[in-house]
Amino acid sequence: MGKYTTKELAQAIYTINRHAKTAPKPQHLYYIKKETIHKLLQEKKAKKVGLHFSDNPKYSNQHSTLLIQIDDYYFHIPPSREDFKKLKHLGELDRTYRNPQTKMALSKAKKMVYQYIDWKPKKVTKTKKHSSYYIPSSLGKMEWPPTKRFY
113 MGKYTTKELA QAIYTINRHA KTAPKPQHLY YIKKETIHKL LQEKKAKKVG
163 LHFSDNPKYS NQHSTLLIQI DDYYFHIPPS REDFKKLKHL GELDRTYRNP
213 QTKMALSKAK KMVYQYIDWK PKKVTKTKKH SSYYIPSSLG KMEWPPTKRF
263 Y
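Start counting at 1 in the sequence shown, then tack on 112, and there's your number in the numbering used here.
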C-alpha cells in the first residue's frame, strides 16, 4: 500500500473538493482531485458506481457526471465515453446523501495527494513584464534646437 490508507486519501479528496467549490480559481484543485481518483481506480482502491445527472447543467443542457466510491466517500468526476457505454445511469442525484464530515487542513490534503500522485509544481520563472506596445523613450537623446540641417 503506500504511505496513506484509502480512507486518508478519500478524506484528502473530500477536503480538496470542498475547497474547490468555493475557490476563485479551482482548476488546479479539480485537476489533482481527478488525477488522484484515476490513480485510485487503476489500483482498484476506488470503484465506479454509475452516472448521475449534474446539478449544474452546462449551457442549460443536462449532462452527466461519473459517481465514484472511495471508502465511505462518494465523488463526481467527468465521465469518459466508455463510462456511458458500460455504466448504469442512476438518474437524479440523491440529495439526502452526505459524505462523512472530515476536518483536515487543505495544505495537508494537498501534500498527501501530491505525494500520492507524484505531482511536482512547475518551476515558475519570474520575467519582467513589458507592454507589447513598448516604445523606448527618446527624451534626452535629441538635440534641441536641431543643429543639423536637412536640405
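Cβ atoms here follow ideal geometry from the backbone N, Cα and C, with glycine treated the same way.
Classified as buried, F187 has 16 or more neighbouring CB atoms from the shown chains inside 10 Å of its CB.
Each residue's CA atom was taken as its position, placing P191 and L163 some 8 Å apart. Taking one beta carbon from each stretch, the segment 137-144 and the segment 176-183 have fewer than 3 pairs nearer than 8 Å; the two do not touch. Annotation: K133 is outside any alpha helix (DSSP H) and is labelled neither H nor E by DSSP. By the 16-neighbour rule on beta-carbons within 10 angstroms, Q123 is buried.
Contact between V225 and I149 is absent: CB atoms are separated by about 10 Å, not below the 8 Å threshold. Shortest Cα-Cα distance from L121 to any of D167, K133 and L153 involves L153.
In summary, D183 is buried, with 16 or more beta-carbon neighbours lying within 10 Å of its beta-carbon over all protein chains present. Taking all protein chains in view, the Cβ of Y185 is crowded by 16 or more other Cβ atoms within 10 Å, so the residue is classified as buried. Contact check for Y126 against T214 passes: the beta carbons are separated by less than 8 Å. The Cβ-Cβ distance between K157 and T118 falls below 8 Å. For K159, the closest of I229, K133 and D195 by C-alpha to C-alpha distance is D195.
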